[in-house]
Ligand SMILES: [Fe+3]
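Encoded structure:
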């Protein structure tokens, strides 16, 4: 067990992302690995996952398919030795293809899609793998500074096996021109930003149906003996 | 073997609710967990954990998400999640009450090994780039014998103490979280 690695992780306070100024701890975190290292997180079973929970093109469909570019997002959840983490709850949420969230507080003037919610979840399989079908999210403005736009991204919440395995992050798409203008993306040290960018995988596409992106997730914390 | 680099953490942002806590906010997507940890008959004293999360200017935060993870009344964690049973895991956003408070319904945990009864807290919010970990201890317990509690600076320990209040025959423990300031809550690095 060691402390948060700020060589890869963002700082708590990143003034370019203005909301961190009043919402980040000012005192150093207390290192307590020795007391909490054996604390497991709950292990969820398949029974909590609904049939279309991992297919965002279907799970809110009313009368049409949602508008936008259909994509597949897949990857592995691993510990830092590269061992697959099985039965990990992966939850996602995102804007629609027009860059609009369904959230009630969202005020961006872009259309909602009546056939798209933007929420999904699943458990990783025996190889630690997850796969979602969705619509490529659009960019949206967010008011942090004048004309601030977020790069296209999908939010990921991951609940691994142990307390140190709780991660919320964002997955980005390769080559986004907004990277250099986005303080949330840039809060992560430069050499580690590629870890948040998915890879385009032509070889993983569903031919003539959906393009594919690979996003692997490496969690901080020891993996326990695999349970089933 | 060379270690893989960990995936960097990013903020939960303001718009998590329709995925992570959809039922609470009235979105059409069911929730695996919510603010009620008691889905069935369960042994133990029924309590409510309630509070607010305050920013550095003392304003209550309305777009945070708080997760609780606790043992049962006998001090056992129910690590294998089973629907309709006591699991000890709860989750709420702070955006559905006018005063931006959270209120979990649960049972008071028993002591785990040599530790005082406590509830683990995992906190996310717009404006935080990390998961933040803390612990709730109870003001009517012998916390001084708890190894983790004892290791905290004496003048900051009180930030982890929930205060017992009785109201209308119900037991509430008030636990406020202060991101900054004089009473800044103690957060842990669990790695
Ligand atoms: Fe977003």
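Chains as they are written, first to last, in our numbering: chain A, 1 to 228; chain F, 1001 to 1191. Every residue gets a Cβ at the ideal spot worked out from N, C-alpha and C, and that includes glycine.
Per-residue burial, residue i [other beta carbons within 10 Å of its own, 16 or more giving buried]
i                       : result
residue 202 of chain A  : exposed
residue 243 of chain A  : Residue 243 of chain A is absent from the model: chain A starts at 1 and stops at 228.
residue 107 of chain A  : exposed
residue 1127 of chain F : buried
residue 1118 of chain F : buried
residue 1120 of chain F : buried
residue 126 of chain A  : exposed
residue 1046 of chain F : exposed
residue 1170 of chain F : exposed
residue 1094 of chain F : buried
residue 75 of chain A   : buried
Residue i, DSSP secondary structure in three states
i                       : result
residue 1159 of chain F : helix
residue 193 of chain A  : helix
residue 226 of chain A  : Because the pLDDT at residue 226 of chain A is just 47, under 50, the model does not fix this residue reliably, and the point stays unresolved.
residue 1154 of chain F : helix
residue 1 of chain A    : Confidence in residue 1 of chain A is poor, its pLDDT being 43 and thus under 50, which makes the residue's placement unreliable; the coordinate value appears in the next sentence. If DSSP states are grouped into helix, strand and coil, residue 1 of chain A belongs with coil.
residue 1174 of chain F : strand
residue 141 of chain A  : strand
residue 1143 of chain F : helix
residue 1025 of chain F : helix
residue 155 of chain A  : strand
residue 183 of chain A  : helix
residue 1166 of chain F : strand
residue 1053 of chain F : strand
residue 107 of chain A  : coil
residue 40 of chain A   : strand
residue 48 of chain A   : helix
residue 1074 of chain F : coil
residue 1136 of chain F : strand
residue 217 of chain A  : strand
residue 240 of chain A  : Outside the shown range of chain A (1 to 228) lies residue 240 of chain A, about which nothing can therefore be said.
residue 1060 of chain F : strand
residue 66 of chain A   : coil
residue 78 of chain A   : strand
residue 1114 of chain F : coil
residue 72 of chain A   : strand
residue 1010 of chain F : coil
residue 176 of chain A  : coil
residue 1037 of chain F : coil
N-terminal and C-terminal residue of the beta strand (DSSP E) that residue i is part of
i                       : result
residue 1107 of chain F : 1102-1107
residue 1150 of chain F : From DSSP, residue 1150 of chain F is part of no beta strand (DSSP E) but of the alpha helix (DSSP H) over 1147-1150.
residue 92 of chain A   : 89-93
residue 1070 of chain F : 1064-1070
residue 1118 of chain F : 1118-1125
residue 119 of chain A  : 119-123
residue 131 of chain A  : 129-135
residue 202 of chain A  : Taken as a continuous stretch (DSSP letters only), residue 202 of chain A belongs to no beta strand (DSSP E), as it is neither H nor E.
residue 1091 of chain F : 1089-1093
residue 61 of chain A   : Premise fails: residue 61 of chain A is in no beta strand (DSSP E) and is neither H nor E.
residue 16 of chain A   : Where residue 16 of chain A is concerned, there is no enclosing beta strand (DSSP E), given that its DSSP letter is neither H nor E.
Length of the line joining the Cα atoms of residue i and residue j
i                       : j                       : result
residue 1124 of chain F : residue 1130 of chain F : 7 angstroms
residue 194 of chain A  : residue 34 of chain A   : 31 angstroms
residue 1079 of chain F : residue 1089 of chain F : 9 angstroms
residue 55 of chain A   : residue 133 of chain A  : 5 angstroms
residue 16 of chain A   : residue 1165 of chain F : 41 angstroms
residue 226 of chain A  : residue 86 of chain A   : Confidence is the limiting factor: at residue 226 of chain A the pLDDT is only 47, short of 50, which leaves the residue's position unreliable and the question unanswerable from this model.
residue 1052 of chain F : residue 1031 of chain F : 22 angstroms
residue 52 of chain A   : residue 1013 of chain F : 25 angstroms
residue 1189 of chain F : residue 167 of chain A  : 13 angstroms
residue 228 of chain A  : residue 144 of chain A  : For residue 228 of chain A, the predicted model reports a pLDDT of 36, less than 50, meaning its position is unreliable and no value from the coordinates is stated.
residue 62 of chain A   : residue 130 of chain A  : 25 angstroms
residue 1145 of chain F : residue 1139 of chain F : 13 angstroms
residue 25 of chain A   : residue 1115 of chain F : 26 angstroms
residue 1037 of chain F : residue 1177 of chain F : 20 angstroms
residue 44 of chain A   : residue 112 of chain A  : 32 angstroms
residue 1062 of chain F : residue 1002 of chain F : 42 angstroms
residue 139 of chain A  : residue 153 of chain A  : 8 angstroms
residue 1026 of chain F : residue 1108 of chain F : 28 angstroms
First and last residue of the uninterrupted alpha helix (DSSP H) at residue i
i                       : result
residue 1017 of chain F : 1017-1020
residue 23 of chain A   : 20-23
residue 34 of chain A   : 33-36
residue 170 of chain A  : Not the alpha helix (DSSP H): residue 170 of chain A falls in the beta strand (DSSP E), residues 166-172.
Cross-chain neighbours of residue i in chain C, by beta carbon under 8 angstroms
i                       : result
residue 1081 of chain F : You won't find chain C in this structure, because its protein chains are A and F.
Any non-hydrogen atom of ligand 2 closer than 7 angstroms to residue i Cβ
i                      : result
residue 166 of chain A : Of the ligands this structure carries, namely ligand 1, none is ligand 2.
| request: Compile a chain-ordered list of the residues in the stretch 1176-1187 of chain F whose CB is closer than 9 angstroms to at least one CB of chain A. | output: 1179, 1180, 1181, 1184, 1185, 1186 and 1187
| query | What residues in the stretch 33-51 of chain A have a beta carbon less than 8 angstroms from any beta carbon of chain F? | reply | 33, 35, 36, 37, 39, 40, 41, 42, 43, 44, 45, 47, 48 and 50
| Contact residues within the stretch 1148-1160 of chain F, judged by C-beta distance below 7 angstroms to chain A | 1148 and 1152
| task | Quick one: which residues of the stretch 103-119 of chain A get their C-beta closer than 8 angstroms to a C-beta of chain F? List them in chain order. | result | 103, 104, 105, 106, 117, 118 and 119
| task | May I ask you to list, following chain order, the residues of the stretch 82-94 of chain A that have a beta carbon less than 8 angstroms from some beta carbon of chain F? | result | 82, 89, 91, 92 and 93
| task | Check each residue of the stretch 1117-1140 of chain F: if its Cβ is closer than 8 angstroms to any Cβ of chain A, include it; give the result in chain order. | result | 1120, 1122, 1124, 1125, 1126, 1127, 1128, 1129, 1130, 1131, 1132 and 1133
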